[in-house]
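Take the sequence shown: its position 49, counted from the start at 1, is 370 in this note's numbering, and no numbers get skipped. Beneath this line is the structure, given in structure tokens, with notes to follow.
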Amino acid sequence: MRLSENRPSALQSEAFILLPHTVQDLEDLVSHPERYLVSLDVEPQRAAALWRERLKRHPYGSEGLLRLTYRGRDLIGPALWDEVSGVWFALVDCVQAYLETGRGLTSFPGQPVDVELRRVAAGALFGVNGDRVLVDPTEFIPGLLDEAERYSRWVEEHIGTLDAPTAQQTGALRQALDDHTR
């Protein structure tokens, strides 16, 4: 499963909405995610329709997958499907704690999947569910905030809600990052 756009950034994301009542075998989802997921980027109208339909039965509509890659390495893949907006909130909260204390630790919404970002001598370690990768925080954090903002714009434009991190949140984190790197 490839990212739908070739955006020139070290960190890239693509969000997907899960087709209802399809996951019976997690291994099949991991092996063939295209059978289960609809890309917000590739099929925005279909993804929005699935989101709205899910909202009729559940308090949230973004059940699916946030695929996150850094320099071509998968950080979040199909085995970690969840509520996409909640995952974005967890990532933004993790960055906020990192900027405040040097270590951010949170988890996926209602799941035992840890998300961590912590300072190390060579930059920062970012980890999801125990899998860690060395990142350059001066490119990783702005890239993550760019992608969070892109997701938020999609939600506002196609769903008409603010069910995603707000520009105020990401803007405050950008300012904190600027202050931190001076």
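Idealized CB from N, CA, C, for every residue including glycine.
Asked: Classification of V441 by the beta-carbon crowding that lies within 10 angstroms, buried from 16 upward; Found: exposed
Asked: CB of W475 within 9 angstroms of CB of P380, strictly; Found: no
Asked: Residue from Y357, R373 and F410 whose Cα sits closest to the Cα of T427; Found: F410
Asked: E384 versus R392, G393 and A369, residue with shortest Cα-Cα distance; Found: A369
Asked: Cβ separation of D500 and S406, assumed to be a contact under 8 angstroms, to the nearest whole Å; Found: That pair is no contact at about 27 angstroms.
Asked: Residue range of the beta strand (DSSP E) that includes R424; Found: R424 to S428
Asked: Candidates L446, G431 and P433, of which the one nearest G425 by Cα; Found: L446
Asked: Inside the stretch 385-470 only - beta strand (DSSP E) runs reaching at least 3 residues; Found: 394-397, 424-428, 435-441, 444-449 and 452-456
Asked: Nearest to V436 (by Cα), restricted to the options A443, V454 and R378; Found: V454
Asked: Boundaries of the alpha helix (DSSP H) in which L371 is found, first to last residue; Found: P365 to L376
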